[in-house]
Amino acid sequence: MASPTPISIPLFAETQQTLLLREHEAEVSSSALASTASASPSTRRTLQATGYALTGIILSQCRTGLGGRLVGEFAADSAISSWNTKGKDEDDFRGSMNGKPKLGTHGIRVGDVVRVNEVGGSGSKKLAKEKGKDAGKVGGSSNMGLEGVVTRVGESSVWVAFGQRGGGGGRSKEDDERVEELWGKKLWMIKLANDVTYRRMNQTMEKMGKMTESSHTHFIRVAFGLTTPLPPDYEASGTVEFIDPTLNDSQKEAIRFALAARDIALIHGPPGTGKTHTLIELITQMVKRNLRVLVCGPSNISVDNIVERLAPNKVPVVRIGHPARLLPSVLDHSLEVLTQTSEAAAIVRDVRKEIDEKQASIRKTRFGREKRAIYEDIKALRREFRERESKCVDNLVRESSVVLATLHGAGGHQLKNQKFDVVIIDEASQALEAQCWIPLLSAPKVVLAGDHLQLPPTVKSALFRTEEAAEDTHRGEAGSTTLETTLFDRLLSMHGPGIKRMLTTQYRMHESIMRFPSDELYESKLIAAESVRSWLLKDLPYGVQETDDTKEPLVFWDTQGGDFVEKAENEDIAKKEALFSESKSNEMEALIVARHVDNLVQAGVRPEDIAVITPYNGQLAVLSQMLREKYPGLELGSVDGFQGREKDAVVVSLVRSNREQEVGFLGERRRLNGEHPLAHDAHNFARRPVLT
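Shown next, in the form of structure tokens:
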């Protein structure tokens, strides 16, 4: 292969900063409806239906979290659940969890920056005055509500940490008082643009642009075409004695190649080919060779999945960041738990206990002077807590062979000055390139795992792009780069397939379902494993009747017709706000989906083995209202959120139906592949072709 065309590193960094700013501005503008705390009930309902808000909540308890932050639990307000059954102000609650009402369907996720507002106003005059003084402070409030970061999401409550938006900035001195003001009030929360990730990406690009040539690592030179990758050294990596006996030939070859690679290795894992399975073996092999490994991913779930798989292998690991929906075995490896269970953590626990006791005493104190004294004590204790905890964290991280974090989490203070032999990035094809560089500026060797032919990273600014993009073309190759171009894409394009190994045996799809992506996208290289090649729903071990739906691996339901026209969520608002233009729903199609689910369950398929997914949050809200209460075990989610997961039956509601024959972002080729069925055995589509 010919030598790649070099890319100017300073120009690349400058261009990325411009594109990131445009993306950040698009993200901020998408939450324009959050600019008023006194949003109408219909606006709040629309925001929740489209994944941007959570309504009908109250503050149920507070505690001290990692870093001495104040963490509030916000639960469903049972007092208004009766309103919802009458179809009034707020989203309805479906069922209960341990006696607590469930939250309505929403799109709030771990890591989201949110603002908690009081329903019907911004609170007392005193609170409003205090908020005005601190407008714009990181970790404090703007002119409405109190801002924080979501640390945990459950069916009946959401936990929010106040004082640090994802790791940056300090606490506002009135945070404790402001949270105190929320007790006993009806609340709602709105998702905000997360400037923490943006700031870390921007700072990384700024740092990259200022690096001198002498400070560029060999990998950086390879990544920008200034030199070619070194050939793999199989002799130096030694004979590989595989630990996992179930690995197939393509997985073993990918592992051998990644171990032998001296600077860069790409592991291409199409749907169901065991990419994570392969990474677990690779990490274990690296630890056997006394290598220190940093493992990152674009989302909490991508990282937690690896932690969960590594845990049984007895590999010493530390998970940086807030653990999200982890099993107990995985939670034990999170930094939060380790700082509470290690020997050095005893004194930290004592300080935490004292903080919580003083926090609880505030509501028993009547006089303002006494309250102020308690707040000052808490402030001093939190400072002591952070100092002691920081030393404990540093020791834990330094002694770990494998450290895991999200890409932006790798830029936190916990990993400052930490050195690693290898950086592995999972789901690299779903991450912005600037995000990948956060842990890579000093990396000597990099392994990227992903599938560049599946869902690309979500880029909101692409929806608002205008002719100004053309103005960048004169800037050359670096200037014309878009955020949709990932590091995985760019390296593969620059250095060719010699730096990549592809996994070819898939364990998730019936052969008939696999054939389309294999032929259209993977050069007909995919092979269906014997265990799934011909397995149908009627073959499930617990006894399923043979019906038209259970004896076929792929079923299309054609819902074309005048009764199935799509609509935007709250069309009046959609006309004013670009945010809602992509928030579609199709109630008649949702009815067909519900009927199809009924048919599967009546045939004997367990609800917990069925997933119903859709590309649109608006449709997800409609489907949830129809199905959540009837089938509590049924999984309902977005296409993006379901990627990489498995169910025996997957029903996909495609939603789009309009006279203009527009399919929006569904027309993107990689997104089509992302929506291809990913169930373990069989798939059932509710198909939505456009009207002709």
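Going left to right, the sequence shown walks through residues -11 to 680 as the working numbering numbers them.
Ideal placement from N, C-alpha and C gives every residue a C-beta, glycine not left out.
What you are looking at is a predicted structure, and each value in this text was computed from that prediction instead of being measured.
When beta bridges are read from the DSSP output, glutamate 61 appears opposite Gln49 and Trp147.
It is roughly 23 Å from the alpha-carbon of lysine 346 to the alpha-carbon of threonine 329. Per the coordinates, the alpha-carbon of threonine 139 lies some 11 Å from the alpha-carbon of glutamate 324. Ranked by Cα distance from leucine 270, the first of Leu298, Pro259, Val291 and Asp292 is Leu298. Taking a contact to require three or more Cβ pairs closer than 8 Å, the segment 242 to 252 and the segment 213 to 226 qualify as touching. Rounded to whole angstroms, the separation of the alpha carbons of aspartate 338 and leucine 384 is 19 Å. Looking at the DSSP output, serine 389 bridges to nothing. For leucine 611, the enclosing alpha helix (DSSP H) has its first and last residue at 605 to 615. Sequence-distant Cβ neighbours of threonine 602 in its own chain, meaning closer than 8 Å and more than five residues away, are Leu608, Leu611, Ser626, Val627, Val640, Ser641, Leu642 and Val643.
In summary, asparagine 278 is exposed, with fewer than 16 beta-carbon neighbours lying within 10 Å of its beta-carbon over all protein chains present.
When Cβ pairs closer than 8 Å are counted between the two stretches, the segment 474 to 487 is seen to touch the segment 417 to 426, the count reaching three or more. In the displayed model, methionine 177 falls within a strand according to three-state DSSP. Between the beta-carbon of isoleucine 294 and that of isoleucine 268 there is about 7 Å, and that keeps the pair under the 8 Å contact cut. The straight-line gap separating the alpha-carbon atoms of threonine 93 and glutamate 650 is approximately 27 Å. The beta carbon of glycine 592 sits closer than 7 Å to the beta carbons of Gly531, Val532 and Gln533 from its chain, once the five residues preceding and following it are set aside; these are given in chain order.
CA-to-CA, the gap between methionine 193 and glutamine 4 works out to about 7 Å. Residue environment: leucine 471 is assigned as buried (16 or more neighbouring CB atoms within 10 Å of its CB, all protein chains considered). Here serine 522 carries a coil assignment [DSSP, helix/strand/coil]. For serine 641, the enclosing beta strand (DSSP E) stretches over residues 637 to 641.
Residue environment analysis places leucine 443 among the buried positions, since at least 16 neighbouring C-beta atoms fall within 10 angstroms of its C-beta.
According to the DSSP assignment, valine 589 belongs to the alpha helix (DSSP H) that extends over 575 to 590. Contact between tryptophan 171 and threonine 43 does not hold, since the beta-carbon distance rounds to 18 Å and is not under 8 Å. By the CB criterion at 8 Å, lysine 179 and valine 102 fall inside the cutoff. Judged by DSSP in its simplified three-state form, methionine 490 adopts strand. Here isoleucine 231 is exposed, its C-beta having fewer than 16 other C-beta atoms within 10 Å. Secondary structure within the segment 249 to 331: the alpha helix (DSSP H) runs of 4 or more consecutive residues, fully enclosed, are 263 to 276, 288 to 298, 316 to 319 and 323 to 329 (chain order).
In the DSSP assignment, alanine 246 forms no beta bridge with any residue. For threonine 6, the three-state secondary structure derived from DSSP is helix. The three-state secondary structure of arginine 32, taken from DSSP, is helix. Annotation: asparagine 236 is outside any alpha helix (DSSP H) and is labelled neither H nor E by DSSP. Between the alpha carbons of threonine 327 and alanine 368 lies a gap of roughly 20 Å. The segment 298 to 309 makes contact with the segment 387 to 401: 3 or more CB pairs, one atom from each, lie closer than 8 Å.
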